[in-house]
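Going by the working numbering, the sequence shown opens with residue 13, and the numbers climb by one from there.
All C-beta atoms, glycine included, are put in the ideal place defined by N, C-alpha and C.
Down below is the structure, laid out as structure tokens.
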Amino acid sequence: MKEYERKKEGKSKTYRMLNLYERLNKGEVRSKKYLSTIYEVNEKTIQRDIKELKNYLENDEKNLRTIVYNKNKKGYEMINSKGFKFSDKDIFVLYKIILESRAFSNKEMDRILDILNSQCEDNDLLKKIVSNERLSYVPPRHNKDIINFIWKISVSIQKQKLVEVKYERQDGIVKEYKLKPLGLVFSEYYFYLVGEIIGKNKNYPIVFRVDRFEKYDITEEKFFMPYKNRFEEGEFHKRIQFMYTGELMTIQFKFWGDSLEAVLDRLPTSRVIKYDEKDNKPIIEAEVYGEGVKRWLLSQKEYLEVIRPKKYREEIKETIRKMYEVYK
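Printed below as a string of structure tokens:
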């Protein structure tokens, strides 16, 4: 074989292998016949390519993927080598949750849903089930692509590096801060960074909406967080409502609305401690951030009464008085 022919063949194989990997990694399921047609080689060559790619994946101890032949789809696909795979029912549930979150721009939502759809055994059926909901999807007002930025924030948290930020507050004022990034949480359509402002003497974390950052520079300056004091997103989420923090406190209240179960689910730290001796209404105790939970407590109208702490009860009464003045 002439030298230029060998170079041409080598380039062709490199392209073929990379393109094949990309296709399978995206979730495509392809037959040898299809692949031999688009790459303009015979099926034996495709079989060798698949074997080489399979060996490459399985020889990497950190990699959990392999390539198998799917008899139902009559083609090769890349799967988790441990056998874990979402069923169509699992994917449908994820599809619904992600759509209902309304967390992403149209572009990012389409990409996520297309990837999920590609993993289905019967993707035509899934398309039919959710087609109307997908067409009606309304992104958040900012409509920004945020997935890459969320990953950048996660890296700064994991590496415990201080960040210099420029942030637009709710009132439109732009502020610059130096932060300790502690955690990342999602609530009510938005992702939030939980952090501490360097130089501010506050004994509770501050919450920043991710899409409002105008600048987020990771410095080389590290901060130390003892393991016992580490920020735990799950524990934080149990105690916060509507992403307003305030003082962490233990409150008690009586509730006589429609669903006690819904209240206990809404406030994960809550529990019924007793029933009132006079009216047999349940008295609930919960550890919460006071400012955020106040909004939820007031939303329960006349079916809830805050009992303790006394100071917090007075705050609720004052808020109700101000609300009444608006409607006089």
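Check                                                                                                                        : Outcome
Straight-line gap, Y179 to R153 (C-alpha atoms, nearest Å)                                                                   : 17 angstroms
Outcome for L30 when other beta-carbon atoms lying within 10 angstroms are tallied against a minimum of 16                   : exposed
Cβ pair K187, I210 closer than 9 angstroms                                                                                   : no
Collapsed DSSP secondary structure at Y272 in the structure displayed                                                        : Looking at the sequence itself, residue 272 is Leu, so the reference to Tyr does not match. Here L272 sits in helix by DSSP.
Alpha carbon of Y301 to alpha carbon of L260, nearest angstrom                                                               : 4 angstroms
Proximity of I218 and K173 at Cβ, strictly below 9 angstroms                                                                 : no
Residue burial classification, F236 (beta-carbon count within 10 angstroms, cutoff 16)                                       : exposed
F220 beta carbon less than 9 angstroms from that of Y204                                                                     : yes
S271 versus K329 - alpha carbon distance                                                                                     : 24 angstroms
Candidates Q312, T57, K306 and L36: closest to I127 by CA position                                                           : L36
Inter-residue Cα distance where the pair is D72 and K119                                                                     : 33 angstroms
Own chain residues within Cβ distance below 7 angstroms of K23, not counting five before or after                            : At K23 the pLDDT is 46, less than 50, meaning the model places this residue with poor confidence; the figure from the coordinates comes in the next sentence. Here the set comprises nothing.
Coarse secondary structure for K187, derived from DSSP in three states                                                       : strand
Per DSSP, the bridge partner or partners of M121                                                                             : Partner(s): none; M121 has no beta bridge.
Under 9 angstroms between C-beta atoms of W268 and Y339                                                                      : no
Separation of K227 from K334, as counted between CA atoms                                                                    : 38 angstroms
Cβ pair count under 8 angstroms reaching 3, the region 96–112 against the region 59–72                                       : no
Residues of its chain near R28, where Cβ-Cβ distance is below 8 angstroms and the 5 sequence neighbours each way are ignored : Y51, V53 and D61
Under the three-state DSSP convention, the category V206 falls into                                                          : strand
Rounded C-alpha distance that separates N3 from L138                                                                         : The chain is shown only over 13 to 340; residue 3 falls outside these bounds and no answer can be derived.
Cβ neighbours of Q208 in the same chain (closer than 8 angstroms, five flanking residues each side left out)                 : The question names Gln, yet the displayed sequence has Glu at residue 208. Closer than 8 angstroms at Cβ, skipping near neighbours: L191, K192, L194, K214, P217 and I218.
Environment of L32 [buried if 16+ CB atoms lie within 10 Å]                                                                  : buried
K323 to K306 span [Cα, whole Å]                                                                                              : 13 angstroms
Bridge-paired residues (DSSP) for A115                                                                                       : DSSP, once it has assigned bridges, lists no residue as partnering A115.
Residues that DSSP places opposite Q264 in a beta bridge                                                                     : E297 and R320
Cα-Cα separation, E112 to E289                                                                                               : 42 angstroms
M29: first and last residue of the uninterrupted beta strand (DSSP E) it sits in                                             : From DSSP, M29 is part of no beta strand (DSSP E) but of the alpha helix (DSSP H) over E15 to N37.
Nearest residue (CA-CA) to K171, options I158, V177, L125 and E233                                                           : E233
E46 - containing alpha helix (DSSP H), residue span                                                                          : Per the sequence shown, the amino acid found at residue 46 is Tyr instead of Glu. K44 to Y51 is the extent of the alpha helix (DSSP H) around Y46.
Beta carbon of E89 nearer than 9 angstroms to that of V80                                                                    : yes
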